[in-house]
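All residue numbers for the sequence shown refer to our numbering, where the first residue is 15 and numbers rise by one.
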Amino acid sequence: MAWADEIAAAAYTSPSGKKIEFNFASALSRKTPLKTAENVFPDVDGAEIQSLGLGGKKFPMTALFNGGDCLTQASDFEDALCERGVGVLEHPIYGKMNVVPTGEIERVDDLVDSLNESRVKVTFAETIVDESFPDGEVAAVDELEAAADAYEDAAAESFADMIETASIDDQLQLQAVLKAHVDAISQGIAKIMAKANALREKTRAISRKIQTVKNNLQKMIATVDVMVSSATEIATAMIQLARLPGEIAMGAMAKLEGYATIATSILNNVKKDPVGTAAIKNQYAATSVALGGLVSAVSFGVAKSALDASKDSASGQNASGGGNGNGGASGGSGGSTMARVSSGGFASRSDALLSAEAIVQQFENYKNYMDSQTAKNAFVDSGEGYAALLENVTAAVKIIQTASFSLPTTRVCKLGRDRQVIELLCELYGADGFSRLDEFIMDNKLNADEIVEISMGREIRYYA
15 MAWADEIAAA AYTSPSGKKI EFNFASALSR KTPLKTAENV FPDVDGAEIQ SLGLGGKKFP
75 MTALFNGGDC LTQASDFEDA LCERGVGVLE HPIYGKMNVV PTGEIERVDD LVDSLNESRV
135 KVTFAETIVD ESFPDGEVAA VDELEAAADA YEDAAAESFA DMIETASIDD QLQLQAVLKA
195 HVDAISQGIA KIMAKANALR EKTRAISRKI QTVKNNLQKM IATVDVMVSS ATEIATAMIQ
255 LARLPGEIAM GAMAKLEGYA TIATSILNNV KKDPVGTAAI KNQYAATSVA LGGLVSAVSF
315 GVAKSALDAS KDSASGQNAS GGGNGNGGAS GGSGGSTMAR VSSGGFASRS DALLSAEAIV
375 QQFENYKNYM DSQTAKNAFV DSGEGYAALL ENVTAAVKII QTASFSLPTT RVCKLGRDRQ
435 VIELLCELYG ADGFSRLDEF IMDNKLNADE IVEISMGREI RYYA
């Protein structure tokens, strides 16, 4: 029969790339939701129905596994369905499509009437995906770098236009401010770098770059004549010096804390206004570049960490399984997140969003300094550096928010019985449980007794 010739084999390819072929129950169906809006009006019978297109098609299926290893085949299929991300369904009738398993996965093993047969019932929902997803992360990094470069150019030009160096006194005062700011940035960067893994080749390469930029910057500032003629290069080098540690795949929280500490040091250098309009403008110009460079650097660095965490989340989720949360914890599941913690510094979606808020706060601190200075002193900033930095921060926050969607959410559950910590961690995180011990103790503030055994009724926090 012609229609029978059109029936293809059924298969599902998981997000990690594992392809599983299966037989299927004879009753195949497809559901297509219609998106509509119903509007009713007073004193008018009936309703206006608006057609808003189609929703995602759903494909309920019963996968059949036969033979002596049917239980193993069905278990492998279940594991594939539990992977987080977008898979590919090869439907016997409707063809190949991008899908996400939805609803419940029902496993049926009838050892009496259907011996040597296991059934897995699941509903696949077709999903929209970015066909250029592998290039999407590259595009995000390109957008981030372009925004940082645009700020660098605008800030350097604004600095060169604003400073006044007609007299030797003005030159020496500007030199003193720049030296203080460069010292503060260099000392802060050294502390950030100390938290990075010194054995990594990229870390060593960036350390060499930092030293080179720092040496060139100090040489340009050391002689006032060179300083005056190299104003644009000095501002550019300050921003680049601050930005270099952001390229390292280290914890985002360490970056945020490190850059916040440097910003505090910068502001401590300028607690009082110097004497004279030119001196005030020079201090303002140098401080604006220093503070703005730090905000640009932390925006770049944390957004890059978020992208690293997002990629590690996908690979970690696909590479390891988790517990099912039974045996005393009221719900819960989880996959490996150690890779995320080590590279991105984000244990959960809320961590990423909090980091975005911290970046915005550092931008607000920069803005408050600028506003306070322009309000009380007789000069006007062109605002070009501010506008470019705002775009830089906006791009970074957008990337962090997008990357956060792939990170696990924080879960809180109440224990149904006394639990040993290692046993509980292995249940929640599978084989990765033991390596989560220190993080789990800190997250839940466990005391000495609880590290051995946690009492029934205690609320605990974990990630899934």
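By construction, the Cβ of each residue, glycine as well, lies at the ideal position given by its N, Cα and C atoms. Note that this is a predicted model, so its numbers are computed, not measured.
| Item | Value |
| --- | --- |
| Spatial distance of Gln185 from Tyr273 (CA atoms) | 28 Å |
| Chain-order list of residues whose beta-carbon lies under 8 Å from that of Val196 (same chain, five-residue window excluded) | Lys228, Leu231, Gln232, Ile235, Met252, Leu255 |
| 6 Å Cβ shell around Ile530 - same chain, five flanking residues per side excluded | Here the chain has residues from 15 to 478 only, and residue 530 is not among them. |
| Cβ-Cβ separation, Phe73 to His105 (assumed contact under 8 Å), whole Å | 6 Å |
| Cβ neighbour criterion (16 or more within 10 Å) applied to Gly31 | exposed |
| Three-pair Cβ contact test at 8 Å for the segment 174 to 183 versus the segment 288 to 295 | yes |
| Local conformation of Ala194 per DSSP, three classes | helix |
| Spatial distance of Ala41 from Leu460 (CA atoms) | 53 Å |
| 8 Å Cβ cutoff met for Ile142 and Ile21 | no |
| Same chain, Cβ closer than 7 Å to Ala162, five either side skipped, listed in chain order | Arg257, Ser310, Phe314, Asn406 |
| Beta-carbon proximity list for Val284, same chain, < 8 Å, skipping 5 on both sides | Val191, Gln297, Thr301 |
| Test item: CB-CB of Leu308 and Ala268 under 8 Å | no |
| Own chain residues within Cβ distance below 8 Å of Asn130, not counting five before or after | Asn80, Gly81, Gly82, Cys84 |
| Contacts around Pro47, its chain only, beta-carbon distance under 6 Å, and the 5 residues preceding and following it disregarded | Gly69 |
| Cβ-based burial, Ile199 [other Cβ within 10 Å; buried from 16] | buried |
| Length of the line joining the Cα atoms of Ser364 and Arg425 | 11 Å |
| Cβ-Cβ distance between Ala372 and Leu270 below 8 Å | yes |
| Length at least 3, wholly inside the segment 105 to 164: the beta strand (DSSP E) runs in chain order | 109 to 123, 131 to 140 |
| Sequence-distant residues of its chain with Cβ nearer than 8 Å to Pro148 (five each side left out) | Residue confidence for Pro148 is low, a pLDDT of 41 falling below 50, so the modelled location carries little weight and cannot support an answer. |
| Cut-off 6 Å between Cβ atoms - residues of its own chain near Lys45, not counting five sequence neighbours on either side | Lys72 |
| Cβ neighbours of Asn112 in the same chain (closer than 7 Å, five flanking residues each side left out) | Val100, Val102, Glu140, Thr141, Val143 |
| Helix, strand or coil at Leu68 [DSSP, three-state] | strand |
| Boundaries (first-last residue) of the beta strand (DSSP E) holding Ile479 | Given that the chain is displayed from residue 15 to residue 478, the structure contains no residue 479 and the question cannot be resolved. |
| Short Cβ contact (8 Å threshold) for Leu451 with Leu439 | yes |
| Strand pairing of Gly101, partner residues [DSSP] | Val113 |
| Bounding residues of the alpha helix (DSSP H) (the contiguous stretch that carries Thr416) | 398 to 418 |
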